[in-house]
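Below is one structure, written out as structure tokens; the observations come after it.
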Amino acid sequence: MSVDSKFTHKGWAETFGGIKFPLLADFHVKGDVSKKYGLWLDGAGISDRATVLIGKDGTVLWSESVGPGGARQPMELLEKTKSLV
720 MSVDSKFTHK GWAETFGGIK FPLLADFHVK GDVSKKYGLW LDGAGISDRA
770 TVLIGKDGTV LWSESVGPGG ARQPMELLEK TKSLV
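All you need for the numbering used here is the position in the sequence shown, starting with 1, plus 719.
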């Protein structure tokens with residue numbers, strides 16, 4: 720999920736040859752979900768760059784924030800996801 724629009728998500732997914740899971744947009748009301756997870760940066764008007772893995776029951780299983788300009792490590796994220804399911 721990001722605060723980008725569904726149109727931006729579609730373009731992003733196409734760069735990877737398509738994504739087989741839904742991408743969610745926290746676009747309108749902008750940042751509403753980010754605010755609920757404490758990730759909204761009000762002064763900047765953007766969401767912090769974070770990954771939150773949520774279980775089927777709605778419980779947060781794991782989260783990590785890397786800051787607005789931070790980089791994530793996709794392979795580490797994949798391994799973390801596999802370890803939780």
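Even for Gly, the Cβ is constructed at its ideal location relative to N, Cα and C.
Source: prediction; values computed, not measured.
Proximity to aspartate 723 across Met794, Gly737 and Leu742 peaks at Leu742, based on C-alpha coordinates. For the options Gly737, Val771 and Lys739, the alpha carbon positioned closest to that of serine 721 is the one of Val771. For leucine 760, the beta-bridge partners assigned by DSSP are Ile765.
Non-local beta-carbon contacts of serine 784 in its own chain, meaning distances under 6 Å to residues more than five positions away in sequence, involve Asp767 and Ala769 in chain order.
Of the candidates Gly789, Glu795, Leu803 and Ile765, Leu803 places its Cα closest to the Cα of tryptophan 781. Our two residues, lysine 729 and phenylalanine 740, have alpha carbons roughly 12 Å apart in a direct line. Distance from lysine 725 to alanine 744 at the Cβ level is roughly 5 Å; contact confirmed, criterion being Cβ atoms closer than 8 Å.
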